[in-house]
Each structure stands twice: as structure tokens, then as C-alpha cells.
Amino acid sequence: MSKLVLLSDLYFESNHELNQRILSLFNSDQPSIGYVPSCSDPDRRYFEHTRRYYNQLGIETINYYDLDLEYEENRFNTIFETDAIHLSGGNTFYFLSLLQKRNAMGLLRSYVHKGGILIGVSAGSILTTPTIEIAGYGKDADENQVGLMDKQALALVDFEFAPHWDESDEALDSLRDYALANATTVYACKDGGGVVIDGEVTELYGDVRLIN
Numbered sequence: 149m150s151k152l153v154l155l156s157d158l159y160f161e162s163n164h165e166l167n168q169r170i171l172s173l174f175n176s177d178q179p180s181i182g183y184v185p186s187c188s189d190p191d192r193r194y195f196e197h198t199r200r201y202y203n204q205l206g207i208e209t210i211n212y213y214d215l216d217l218e219y220e221e222n223r224f225n226t227i228f229e230t231d232a233i234h235l236s237g238g239n240t241f242y243f244l245s246l247l248q249k250r251n252a253m254g255l256l257r258s259y260v261h262k263g264g265i266l267i268g269v270s271a272g273s274i275l276t277t278p279t280i281e282i283a284g285y286g287k288d289a290d291e292n293q294v295g296l297m298d299k300q301a302l303a304l305v306d307f308e309f310a311p312h313w314d315e316s317d318e319a320l321d322s323l324r325d326y327a328l329a330n331a332t333t334v335y336a337c338k339d340g341g342g343v344v345i346d347g348e349v350t351e352l353y354g355d356v357r358l359i360n
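For what it's worth, our numbering labels the leading residue of the sequence shown as 149, then goes sequentially.
In C-alpha cells form, the structure reads like this:
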């Protein structure tokens, strides 16, 4: 039974109900989280922000696992011993290219199917869906600077995810066009909100809109 959390952003003044729901997914009193950046974070700037977020929830053990410039295969493989894996925000195309390059896609799917929790933020959330096509759509689209051809993602859910929704009707209309053109379902999520999948149940927190 899959346990997934799709977040638009990491807000410290976030949804208390959502934070408590994330905590409830863990079976351990002292859970561990493996953090995977979308590209190398040599100063650990984004990692530290994420570490503080989890620390405020009472989770102390957050470790950094690099797929890019600091990649070490033996070290990375130990991430699958953690209670949860956190996929960061960033450029979705580059992130997916790293996962493909390191042959991590199947490993992540297996981890989730065996009960591991997968938490995505922005690009990391898009990676849980069937395709990252939506990352290249709209006015704030990611650039496909790596020339990625295979945009198939983890397909752990049957919908697509649009983070950073600005609450405008214009954005919703644009996403409706996308959903219609691609025969898909999209959740538009405002920063501070999220989607939690616990087995067969999909729960919405904060301002999230279903578009199909």
C-alpha cells in the first residue's frame, strides 16, 4: 500500500493538519529521512531548509544523498533503509535525468511498494506521477536544458500535479486545456498545501483543485 506525500513547497507556516498527517504515516518513534536534491547542493542551503522543516515536526534524522556531483553508489543505496525518502524541488527535467542516469527509478518504485514513504516537493512531487510533461507547460515552465527525451516518471499515482498554483482562474483554465489535450487529471496545488496518498485513499490539504 503506497504512502506518498506531494507538496507544492516547504512552508514553515504550513498547514498544521497536513504536518500531523505526514507524521502519522511513520511507524517509527525515531524516523529517518533520506533527502535527494534535484542537483548538487554543495553549500547544503536547500538541504538545511528541509532539515529545519522536519526538525520542527520532531524528526531529527535527515541525511543527504546526492545523485549528481557527489554521487557514490554504495552510499546512495543505503537510502532505501530510511523510513522516508524526500525528493526536493528544482528543475524537473534535470532531476529525472539524474534518476535515469543512476538507474534509480525502479529502486524508488520498489521502495514505495515495500512500504517506504516517498515525499516530494514541487519537482519531486511531479516525479511521482506518470510523466513530467506538465513541468514544461505554462508561463513558469522548467527549461529542458538537458534535452531529455524520455519524460516518463515514477507513475506511482494516476494523475498529474501542478505545484505553485497562484489561485488564479487563468491558471486553472490553462491547466484545463492541458488536461483536455493530454486526456489526464491534474491536481493544482497552492504553496502550503499538498496531496497525501495512503493506500487507496487520496487526501487533499490546503488549497488544492482537481482538474479533469
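A virtual CB, placed ideally from N, CA and C, is assigned to each residue, including glycine.
The structure presented is a predicted model; accordingly, all values stated were derived computationally and were not measured.
Suppose you measure from the CA of residue i to the CA of residue j; what does that come to, to the nearest Å?
i, j, result
"residue 324", "residue 222", "44 Å"
"residue 150", "residue 193", "30 Å"
"residue 267", "residue 169", "12 Å"
"residue 287", "residue 312", "12 Å"
"residue 225", "residue 153", "22 Å"
"residue 175", "residue 165", "18 Å"
"residue 289", "residue 204", "31 Å"
"residue 214", "residue 182", "10 Å"
"residue 260", "residue 321", "33 Å"
"residue 328", "residue 206", "42 Å"
"residue 216", "residue 241", "13 Å"
"residue 239", "residue 285", "13 Å"
"residue 252", "residue 245", "10 Å"
"residue 208", "residue 190", "21 Å"
"residue 330", "residue 293", "23 Å"
"residue 200", "residue 177", "18 Å"
"residue 351", "residue 344", "5 Å"
"residue 185", "residue 347", "26 Å"
"residue 360", "residue 353", "19 Å"
"residue 228", "residue 167", "23 Å"
"residue 195", "residue 237", "11 Å"
"residue 316", "residue 304", "28 Å"
Between which two residues does the alpha helix (DSSP H) harbouring residue i extend?
i, result
"residue 164", "164-172"
"residue 349", "Careful: residue 349 lies outside any alpha helix (DSSP H), inside the beta strand (DSSP E) at 349-353."
"residue 307", "Note, residue 307: premise wrong, no alpha helix (DSSP H); not H, not E."
"residue 204", "193-204"
"residue 240", "240-249"
"residue 254", "253-261"
"residue 288", "Looking at the DSSP string, residue 288 is not in any alpha helix (DSSP H), and its letter there is neither H nor E."
"residue 323", "317-330"
"residue 225", "221-225"
Would residue i pass as a contact of residue j if the rule is Cβ separation under 9 Å?
i, j, result
"residue 337", "residue 273", "yes"
"residue 342", "residue 211", "no"
"residue 282", "residue 309", "yes"
"residue 340", "residue 172", "no"
"residue 235", "residue 275", "yes"
"residue 264", "residue 230", "yes"
"residue 358", "residue 269", "no"
"residue 349", "residue 335", "no"
Based on the DSSP output, what are the partners of residue i in its beta bridges?
i, result
"residue 211", "182"
"residue 337", "356"
"residue 235", "184, 268"
"residue 279", "300"
What residues in its chain sit with their C-beta under 8 Å from that of residue i, if we drop five residues either side in the sequence?
i, result
"residue 306", "278, 333"
"residue 256", "233, 247, 266, 302"
"residue 160", "200, 201, 204"
"residue 314", "338"
What first and last residue would you give for the beta strand (DSSP E) that runs through residue i?
i, result
"residue 151", "151-155"
"residue 344", "342-346"
Excluding the five sequence neighbours on either side, which residues of its own chain have a C-beta within less than 6 Å of the C-beta of residue i, listed in chain order?
i, result
"residue 254", "none"
"residue 280", "240, 244, 274, 299, 301"
"residue 249", "none"
Among the residues of its own chain, which have a CB less than 7 Å from the CB of residue i, if the five just before and after it don't count?
i, result
"residue 218", "188"
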